[in-house]
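Here's the structure, in structure tokens; my notes come after.
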Amino acid sequence: MRIRTIVQVTALCAAALATGLAEAAEVVVYSARSHYGQEPAIDAFTRKTGIQVKSFGGNSSELYERLRAEGERTPADVLITVDAGNLWNAARAGLLSKVDSPELQASIPAHLRDPDGRWFALTMRARTIMYNTRKVKPEELSTYEALADPKWKGRICLRTSGYVYSQSLLATMIKRQGEAPVETMVRGWVANHPILINGDTKILEAIAAGQCDVGLINTYYLGRILAKDPAFPVAPFWANQQTTGTHVNISGAGVTAHAKNRAQAVKLIEFLASPEAQQMFADGNFEYPANPQASLNPVIAKWGKFKQDDTNVASAGEFQAAATRLADRAGYK
Amino acid sequence: MSAGADSAGRAPAAGRTLLAAPAAPLSAWTVAAVAIAAVLAVPIVAVLSSLLAPAGEVWRHLWRTQLAELVLNTVLLLAGVGAGTLIVGTGLAWLVVNHRFPGRAALEWALILPLAVPAYVVGFAFLGLLEYSGPVQTGLRAWLGPWARLPELRSYGGVTLMMTLVFYPYVYLLARAAFRAQGAATLETARSLGRSRLGAFLTITLPMARPSLAAGASLAMMEALADFGTVSTFGYRTLTEAVYRVWYGMFDRVAAAQLASVLLLFAFVLLLLERASRGRARFTQGHRPGREVTPVALVGWRAAAATVTCGAVLGMAFLLPVGQLAVWAFITAREGRVAPGFGALLGHTLWLASAASLCACAAALVLSYAGRLRPSRAVRFAGQLAAMGYAVPGAVIAVGVLMPLAWLDHGVAPLLEHLSGRPVGLALTGSAAGLVFAYLVRFLAVSVQTVEASLARIPGSFDDAARSLGAGAGRALRRIHLPLMRGGLLTALILAFVETMKEMPATLLLRPFGINTLAVEVWERTSEAMWQEAAVPALAIVLAGLLPVVLAIRWSGKDR
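Same order as they appear, the protein sequences are chains R and Z.
First residue of the first sequence: 37, per my numbering; consecutive thereafter.
First residue of the second sequence: 917, per my numbering; consecutive thereafter.
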């Protein structure tokens, strides 16, 4: 019994350990875009170059924790994550390395990539005011700050302050204007008793049902709904067009600091930034391509052009902690 | 959780001094038991050790802004759930034990069914049904006008109501057993001395049942403390939710561990409450109860009221949410939106749950048998320590497991790299072994209780006979005890299996890369408010959860 038990236990241990060991692959990608579904752009890369891509999905925080814990031993070559703050954090933690690629610098606008070249946007999404077309006229809306006006009392739906895109919105505004005006704005929002709902799609449904009249939502959520139901009674309003421009955020990619297949990793990111791949991203999830040369999905093209806030999105990460503390101080839960 | 069993670590009365082996200094079984307990205690020690780290910026910020609110919210939630489950569970138990009304026999066991549904599943089913844009309120508005609204479900009241509906069976089961065990004699004495029926219930029955009621309520409160999915979906900020938020939102593992320590304090208090009340339960109902109380046959509106009350609770706690899930599952299946990876999801869940339940049973066997062979203080303490995990929230255990695993990894990795000759990712952190270990810490108590109770039914004379015929302890276990314990072992396996399947917070934090379980899938969908997509995995969990509930119903039936 002894020998057999020992062998069995050892086998079990080895099996358990084996789940942690990575296999060798051409390019290993850690992607937080995995919950959007299969990425045709990555399949296209493999078809074009013959380089195999092994993809691991997870949410941004998990990937960050994992990369940090793995350190030099990471099998990952590329990190694709959502929200500029997450990219900034990853770069600051030393998880991403500098990429010197004139192609990427030409494809991606300056405010959508790291000033130090450690990460590059792949897609862009705007977080703007969305309103019920039957109850609100566009003339009534203007800026994010104007939502603090008492006329919106009880009519606003928001995500919680813990939601990373809420934090990024505040963070970029803090970078541009300083903390005081942003805190005034948030206090004004809170005074209007916003309804806090834990899903952008849910907020859209709440607006359509009449529970609230306006909300702050990422554009791709509305895109998804309008693609299935063009008569949905909610439309986007581009906030801050006369002032700072509408807040935008990104999903982006960077080469990891300890990548084992660096050249292929850079090739992958360059391909993903090319108009061909950008088209696939845009069509798949109703996002805006980061590369201005790519064309828009017809559903979102209907919304027209808008002025973006051209503060470098890295500020979403730089001022994230300040934004969180500001939200806590202002009572935005 | 099995109700009514003895607490861990108690040696059976086995009258075996005559042929007991002479006390060897240290038996292998004792060493094994103590070693198991020591290893399982490591996560809790790791969490507590974070208190030694200096208070970082995040902690100071939390202290200034949120901590008071988090503690208050947690206390209020526990108080609400405790009170709610006490009222509902005790009331239902009294109704069912002491009265006769139409449908009583079926309702008596059906009221246990909500145990099969995890709290976070009931939560999102109700939200989907009753929120502003959901079908009920939309219909209400169509019927009564746009001003018709229900009170906001995403609030303290909503969360407490959900948890009361899900956790009342803990109190119900224990109260029912307590009321049954009380004989007719005391009650009739009280009646003959002038008390009304209600008066006798309030002044005699309730106080005598207090230890069981307290035990049931503290179990419900422990579950409420550990809950992460429901409070997060409802936007109610408790300590458990903050642990996750601080770890993942603010990227500060140390602050998360420090928050977890505060949580541990709560858990410890609840654990003490539960142990103390169970201890006393043995003494208050020790002797034979004699004749059972004659139930009162209800008639007319009283009978109808009783049936409707029980039916309403059952409907709200089980039929409605499960029905809603079934409807959503049907819709997603018909529209072909069932996640393509569902098979893999199911496979991973089953595989992890099997591994965890097998390890739990093995460990439980070692602990119980060691306690039987050599009932020393050390082994008893080891048993209680090992079983403490069920009071500790999954999020805390996850934090506590990750710290030593990460430390081990950085020690082991250079060796592995040397052996394999290529860069190695993390071997232990985020591995299946780490996750199974966390499950073990959390759910060992469930297996230990069952295995111990099963072992205790075997008379000590069997051990003596085996010993006198020359069999060692191990051989006796294999040839005598295990075959006799088959039923108990199977039950222990099933209980641990299902608890692992339902577990979510620890799995969320510790899962291996690319591996998801049903519970985490439900969480991921509901955190994006995609109720319909969550329905199919949620139903799978409920179906699995029905297994131990059916077992629990059969056991409680045997009390008659």
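Backbone N, C-alpha and C fix where the C-beta goes; we use that ideal spot for every residue, glycine too.
Rounded to whole angstroms, what is the Cα-Cα separation between G1287 (chain Z) and V1308 (chain Z)?
Reading the second sequence from its first residue, position 371 is the one you call residue 1287 (chain Z). Reading the second sequence from its first residue, position 392 is the one you call residue 1308 (chain Z). Going by the C-alpha atoms only, they are around 24 angstroms apart.
Determine, using beta carbons only, whether E1444 (chain Z) and G190 (chain R) come nearer to each other than 8 angstroms.
Here residue 1444 (chain Z) corresponds to residue number 528 of the second sequence, with the count starting at 1. Here residue 190 (chain R) corresponds to residue number 154 of the first sequence, with the count starting at 1. Contact flag unset, no.
Below 8 angstroms on the Cβ atoms is my contact criterion, and I expect A1130 (chain Z) with M1079 (chain Z) to pass it. Report the Cβ-Cβ distance as a whole number of Å.
For the purposes of this step, residue 1130 (chain Z) is identified with residue 214 of the second sequence, where counting begins at 1. For the purposes of this step, residue 1079 (chain Z) is identified with residue 163 of the second sequence, where counting begins at 1. 18 angstroms between Cβ atoms; not a contact.
In its own chain, which residues sit with a C-beta less than 6 angstroms from the C-beta of A271 (chain R), not counting the 5 before and 5 after it?
One-based indexing of the first sequence puts residue 271 (chain R) at position 235. Excluding residues within five positions, the ones whose Cβ falls inside 6 angstroms are T169.
Apart from the five residues just before and just after T1146 (chain Z), which ones in its own chain have a Cβ nearer than 7 angstroms to its Cβ?
Here residue 1146 (chain Z) refers to the residue found at position 230 when the second sequence is read from its first residue. Correct list, in chain order: A1035, Y1036, G1039, V1075, M1078, M1079.
Just the C-alpha distance for Q356 (chain R) and A207 (chain R), rounded to the nearest angstrom, thanks.
Taking the first residue of the first sequence as position 1, residue 356 (chain R) is located at position 320. Taking the first residue of the first sequence as position 1, residue 207 (chain R) is located at position 171. Roughly 5 angstroms between the two C-alpha positions.
Just by C-beta distance, which residues in the stretch 1056-1069 of chain Z are closer than 9 angstroms to chain R?
So the close ones are R1057, P1062, R1065, E1068.
Just reading off the beta strand (DSSP E) that Y167 (chain R) is part of, what are its end residues?
Counting from 1 along the first sequence, the entry for residue 167 (chain R) is found at position 131. Note, Y167 (chain R): beta strand (DSSP E), 156-168.
Does E241 (chain R) get closer than 8 angstroms to chain Z when you measure Cβ to Cβ?
Reading the first sequence from its first residue, position 205 is the one you call residue 241 (chain R). Yes, E241 (chain R) lies at the interface with chain Z (some Cβ there is under 8 angstroms from its Cβ).
Return the residues of the stretch 160-174 of chain R that lie within a Cβ-Cβ distance of less than 8 angstroms from chain Z, sorted by chain order.
Here the close residues number zero.
Distance cutoff 8 angstroms, beta carbons only. Does E1444 (chain Z) sit that close to anything in chain R?
As a first step, residue 1444 (chain Z) must be located in the second sequence, where it is residue number 528. Closer than 8 angstroms: yes.
In three-state DSSP terms, what is I78 (chain R)?
Within the first sequence, numbered from 1, the residue matching residue 78 (chain R) stands at position 42. In the structure shown, I78 (chain R) sits in a helix (DSSP, three-state: H, G or I).
Closest to P217 (chain R) by CA distance: which of R:L99, R:A359, R:I165 is it?
Here residue 217 (chain R) corresponds to residue number 181 of the first sequence, with the count starting at 1. The shortest C-alpha separation from P217 (chain R) is found at R:A359.
Please decide whether G56 (chain R) counts as near chain Z, where near means a Cβ-Cβ distance under 8 angstroms.
Indexing the first sequence from 1 puts residue 56 (chain R) at position 20. The predicted model places G56 (chain R) with a pLDDT of 42, which falls under 50 and marks its position as unreliable, so this point remains unresolved.
Identify the continuous beta strand (DSSP E) that holds L252 (chain R) and give its terminal residues.
Residue numbering aside, residue 252 (chain R) sits at position 216 when the first sequence is read from its first letter. It spans 250-254 - the beta strand (DSSP E) in which L252 (chain R) sits, taken as one unbroken run.
Pop quiz: V1452 (chain Z) and E1415 (chain Z) are said to be a contact at Cβ under 8 angstroms. What is the actual Cβ separation, rounded to whole angstroms?
Along the second sequence, read from residue 1 onward, the residue named residue 1452 (chain Z) stands at position 536. Along the second sequence, read from residue 1 onward, the residue named residue 1415 (chain Z) stands at position 499. In fact, because the Cβ distance is near 21 angstroms, the residues do not count as touching under 8 angstroms.
Using a 10 Å radius around the Cβ and a threshold of 16 neighbouring Cβ atoms, would you call N102 (chain R) buried or exposed?
Translated into the one-based positions of the first sequence, residue 102 (chain R) becomes position 66. In the sequence under discussion, the amino acid at residue 102 (chain R) is Arg, which differs from the Asn named in the question. Classification of R102 (chain R): buried, given that the 10 Å Cβ count is 16 or more.
Does the CB of A245 (chain R) have a neighbour CB from chain Z at under 8 angstroms?
For the purposes of this step, residue 245 (chain R) is identified with residue 209 of the first sequence, where counting begins at 1. Chain Z contact via Cβ: present.
Taking the alpha-carbon positions, what's the P1464 (chain Z) to L1029 (chain Z) distance?
Taking the second sequence and counting its residues from 1, the one referred to as residue 1464 (chain Z) is at position 548. Taking the second sequence and counting its residues from 1, the one referred to as residue 1029 (chain Z) is at position 113. Near 10 angstroms, if we compare the C-alpha coordinates of L1029 (chain Z) and P1464 (chain Z).
If you draw a straight line from the C-alpha of A951 (chain Z) to the C-alpha of L1283 (chain Z), how long is it?
Here the question's residue 951 (chain Z) lines up with position 35 in the second sequence. Here the question's residue 1283 (chain Z) lines up with position 367 in the second sequence. Using only the alpha carbons, I get a separation of about 10 angstroms.
Mind pulling the chain R residues with CB within less than 7 angstroms of F1297 (chain Z)?
Taking the first residue of the second sequence as 1, we reach residue 1297 (chain Z) at position 381. None at all; the shortest Cβ gap to chain R is about 26 angstroms.
In chain order, what residues of the stretch 208-232 of chain R put their CB closer than 9 angstroms to some CB of chain Z?
Flagged, chain order: I231, L232.
Look at the alpha carbon of A299 (chain R) and the alpha carbon of F156 (chain R), and state the distance between them as a whole number of angstroms.
For this step, residue 299 (chain R) is matched to residue 263 along the first sequence. For this step, residue 156 (chain R) is matched to residue 120 along the first sequence. Rounded to whole angstroms, A299 (chain R) to F156 (chain R) spans 16 angstroms at the Cα level.
Report the CB separation of L304 (chain R) from V63 (chain R) in whole angstroms; it is logged as a contact under 8 angstroms.
Here the question's residue 304 (chain R) lines up with position 268 in the first sequence. Here the question's residue 63 (chain R) lines up with position 27 in the first sequence. With a Cβ gap of about 6 angstroms, L304 (chain R) and V63 (chain R) count as contacting.
Given a cut-off of 8 angstroms on the beta-carbon distance, is the pair A1354 (chain Z) and I1313 (chain Z) in contact?
For the purposes of this step, residue 1354 (chain Z) is taken as residue 438 along the second sequence, with counting starting at 1. For the purposes of this step, residue 1313 (chain Z) is taken as residue 397 along the second sequence, with counting starting at 1. Cβ atoms of A1354 (chain Z) and I1313 (chain Z): closer than 8 angstroms.
Compute the distance between the beta-carbons of V291 (chain R) and H147 (chain R), then report whether it is under 8 angstroms.
For this step, residue 291 (chain R) is matched to residue 255 along the first sequence. For this step, residue 147 (chain R) is matched to residue 111 along the first sequence. The answer is no: Cβ separation not under 8 angstroms.
Does any residue of chain Z bring its CB to less than 8 angstroms from the CB of G93 (chain R)?
Counting from 1 along the first sequence, the entry for residue 93 (chain R) is found at position 57. Answer yes: the Cβ-Cβ gap between G93 (chain R) and chain Z drops below 8 angstroms somewhere.
For H977 (chain Z), return the contacting residues in chain R, with the cut-off set at a CB-CB distance below 9 angstroms.
In the second sequence, counting from the first residue as 1, residue 977 (chain Z) sits at position 61. Under the 9 angstroms cutoff, chain R gives A357, T360, R361, D364.
Assuming F1413 (chain Z) and S1270 (chain Z) make a contact with CB atoms under 8 angstroms, what is their CB distance in whole Å?
Start at 1 with the first residue of the second sequence, and residue 1413 (chain Z) comes out as number 497. Start at 1 with the first residue of the second sequence, and residue 1270 (chain Z) comes out as number 354. With 8 angstroms as the limit, F1413 (chain Z) and S1270 (chain Z) qualify as a contact, their Cβ atoms being about 7 angstroms apart.
Mind pulling the chain R residues with CB within less than 7 angstroms of A1329 (chain Z)?
Position 413 of the second sequence holds residue 1329 (chain Z). Correct list: R109.
Alpha carbon to alpha carbon, how far is A1097 (chain Z) from T1200 (chain Z)? Give it in angstroms, no decimals.
To locate residue 1200 (chain Z), count along the second sequence from 1; it is residue 284. To locate residue 1097 (chain Z), count along the second sequence from 1; it is residue 181. The pLDDT assigned to T1200 (chain Z) is 48, lower than 50, so where the model puts this residue is not dependable; a value taken from the coordinates is nonetheless given after this. For T1200 (chain Z) and A1097 (chain Z), the distance between alpha carbons rounds to 10 angstroms.
Quick check on P1211 (chain Z): does DSSP put it in helix, strand or coil?
Translated into positions along the second sequence, residue 1211 (chain Z) becomes position 295. Here P1211 (chain Z) sits in coil by DSSP.
Any heavy atom of the ligand PLP closer than 7 angstroms to the CB of E1449 (chain Z)?
Annotation note on the ligand PLP: not contained in the displayed structure, which lists no ligands.
When the Cα atoms are used, what is the spatial distance from Y1086 (chain Z) to Q1448 (chain Z)?
Counting from one through the second sequence, the residue named residue 1086 (chain Z) turns up at place 170. Counting from one through the second sequence, the residue named residue 1448 (chain Z) turns up at place 532. Each residue's Cα considered, the two are about 29 angstroms apart.
Rounded C-beta distance between G1132 (chain Z) and G1000 (chain Z)? I'm assuming under 8 angstroms.
The residue you call residue 1132 (chain Z) lines up with position 216 of the second sequence. The residue you call residue 1000 (chain Z) lines up with position 84 of the second sequence. Actually they do not touch by this definition, with Cβ atoms about 12 angstroms apart.
Looking at C-beta atoms only, is the number of pairs between the stretch 196-210 of chain R and the stretch 115-122 of chain R that lie closer than 8 angstroms three or more?
Result yes; three or more Cβ-Cβ pairs closer than 8 angstroms.
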